[in-house]
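Under my numbering, the first residue of the sequence shown carries the number 25, and numbering increases by one thereafter.
Remarks on the structure that follows.
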Amino acid sequence: MDAALGLAVVAVVLLAHRFGPAHSLDVEDLVTAVLAVLLITARRRWTLPVFGGITVASAAFNLHAALAGPLLAASVIGTYTVASRTSRRIAVAAGTVTVVTVYVAVVIGAGRSWTDPLNATIVAWGVAAAAVGDAVRSRRAQLRVSEERARQAEHGREEEALRRVVEERLRIARDLHDVVAHHIAVINVQVGVAVHLLREQPDQAEQALTHVRQSARTVLAELGTVLAVLRSTSPDGFDETAPPPGLSRLPHLLESFTAAGLHVERRHDGEPRPLPSAMDLAAYRIIQEALTNAHKHGSTATARLLLAYSPQGLAIEVVNASGATRAPVSGTGHGLIGLRERVSSIGGTVRAGPDPGGTFTVDAHLPFPKDTA
25 MDAALGLAVV AVVLLAHRFG PAHSLDVEDL VTAVLAVLLI TARRRWTLPV FGGITVASAA
85 FNLHAALAGP LLAASVIGTY TVASRTSRRI AVAAGTVTVV TVYVAVVIGA GRSWTDPLNA
145 TIVAWGVAAA AVGDAVRSRR AQLRVSEERA RQAEHGREEE ALRRVVEERL RIARDLHDVV
205 AHHIAVINVQ VGVAVHLLRE QPDQAEQALT HVRQSARTVL AELGTVLAVL RSTSPDGFDE
265 TAPPPGLSRL PHLLESFTAA GLHVERRHDG EPRPLPSAMD LAAYRIIQEA LTNAHKHGST
325 ATARLLLAYS PQGLAIEVVN ASGATRAPVS GTGHGLIGLR ERVSSIGGTV RAGPDPGGTF
385 TVDAHLPFPK DTA
């Protein structure tokens, strides 16, 4: 490309000599023209030095030869290169230098008048070269900015997808603990009952083992669902069509505890109403975790559950006799920690601890969203 431009400049010089005023190019003119052509081929590597060399060569040629600016093409190319590869301030300076040097050299070398209308072409070409070069530079800068924004947006989407995957994994871990802890507790109790009754009351032992089998199947099903989620390539990681557990499944949950030997006295206050999905899931998990703890650590086989609806929200209270007289049972405590995180995420509060009367209470308050309260 640069070599072709150099040949074009040579052609302009020869045509100007052929059809211009009678004059034979001497050695100095030829050397100056060749120098300008060679400089053009290096314009991308050394932009400003090449521009300076072309300007000097063009001025020298125009001062020595009687031709009126045949190297103007070289000066225009140099000016365009500077404007397209540097800054607007330098582009304006380059255009000014080109116009002034070529204008003065042509007037002095060709003997023109300072007000000759033909001199306007020098000004026009110099200004046009600087303007077009600056426009090209601005366009390239805009393209680079657009490409960088697109790259950052793509990177942001990837980070958002990864963040959602991590959040989903954490949600799965909490839900897995809630579900598995409950059913493992049921299995533990039922196995103990079966061992105790195996010889004297085989029918009841068989019934207990049946509950063990059902709970084990439930645990396996939950684990299978979790593994399917973890292996999913979708950023969401779960089936949007599968509804999360909520208070609609509360009767089934209470039946599983009853089968495991924990009798739950259930009571409602206020008028029940549909709950938002996050609130519904939190309510279900609170009851599940509280009853699981009551079953594992309580000193009696009875627990009380209260669901109190109000215009402000839902209050949940689970009370059972404290197991303080029994040997301490080791555990991670992840269930209650997970409950606090889940409840806090929807603006609620939860308290769990022993009461002076020898009971253990889990008390949670879940507020309705402002737009549904």
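By construction, the Cβ of each residue, glycine as well, lies at the ideal position given by its N, Cα and C atoms.
> Leaving out five residues before and five after residue 283 in sequence, what residues of the same chain have Cβ atoms less than 6 Å from its Cβ?
Replying inline: 235
>> Need the endpoints of the beta strand (DSSP E) that residue 391 sits in, please.
In response: 383 to 391
>> For residue 146, which residues in the same chain have their Cβ closer than 7 Å to its Cβ, ignoring the five residues on either side in sequence?
In response: 93, 96, 123, 126, 127, 130
> What residues match up with residue 140 in a beta bridge as DSSP calls it?
Replying inline: BP columns for residue 140 are empty, so no partner.
> Quick one: what does DSSP say residue 226 is sitting in, helix, strand or coil?
Replying inline: helix
> With DSSP run on the structure shown, which of helix, strand or coil describes residue 295?
Replying inline: coil
> Taking the Cβ atom as the reference point for each residue, do residue 374 and residue 310 lie within a distance shorter than 8 Å?
Replying inline: yes
> Looking at C-beta atoms only, is the number of pairs between the segment 140 to 160 and the segment 108 to 118 that lie closer than 8 Å three or more?
Replying inline: yes
> In its own chain, which residues sit with a C-beta less than 6 Å from the C-beta of residue 221, not counting the 5 before and 5 after it?
Replying inline: 228, 229
> Residue range of the alpha helix (DSSP H) that residue 302 falls in?
Replying inline: 301 to 321
> Does the Cβ-Cβ distance between residue 337 and residue 304 come in under 8 Å?
Replying inline: no
> Which residue from 376, 392, 327, 314 puts its Cα closest to that of residue 334?
Replying inline: 392
>> So, under 8 Å CB-CB, residue 390 and residue 306 are touching, yes? Tell me the CB distance rounded to an integer number of Å.
In response: 6 Å
> Just reading off the beta strand (DSSP E) that residue 375 is part of, what are its end residues?
Replying inline: 373 to 378
>> According to DSSP, simplified to helix, strand and coil, what is residue 109?
In response: helix
>> Please state whether the Cβ-Cβ distance between residue 302 and residue 323 is less than 8 Å.
In response: no
> Using CA coordinates, which residue listed in 112, 187, 190, 181 is at the minimum distance from residue 165?
Replying inline: 112
> Looking at C-alpha atoms only, which residue of 308, 321, 380 is the closest neighbour of residue 367?
Replying inline: 308
> Of the residues 386, 237, 325, 181, which one's Cα is nearest the Cα of residue 361?
Replying inline: 386
> Ordered along the chain, which non-local residues of its own chain (more than five positions away) have a Cβ less than 7 Å from that of residue 297?
Replying inline: 333
>> By the DSSP assignment, the beta strand (DSSP E) with residue 326 in it spans what residues?
In response: 326 to 333
> Of all the options 281, 340, 321, which has the alpha carbon lying nearest to the alpha carbon of residue 293?
Replying inline: 340
>> Using a 10 Å radius around the Cβ and a threshold of 16 neighbouring Cβ atoms, would you call residue 176 buried or exposed?
In response: exposed
> If you run the structure through DSSP and keep just helix, strand and coil, what is residue 338?
Replying inline: strand
> With distances taken between CB atoms, is the gap from residue 319 to residue 278 smaller than 8 Å?
Replying inline: no
> Measuring CB to CB, does residue 289 end up less than 8 Å from residue 316?
Replying inline: no
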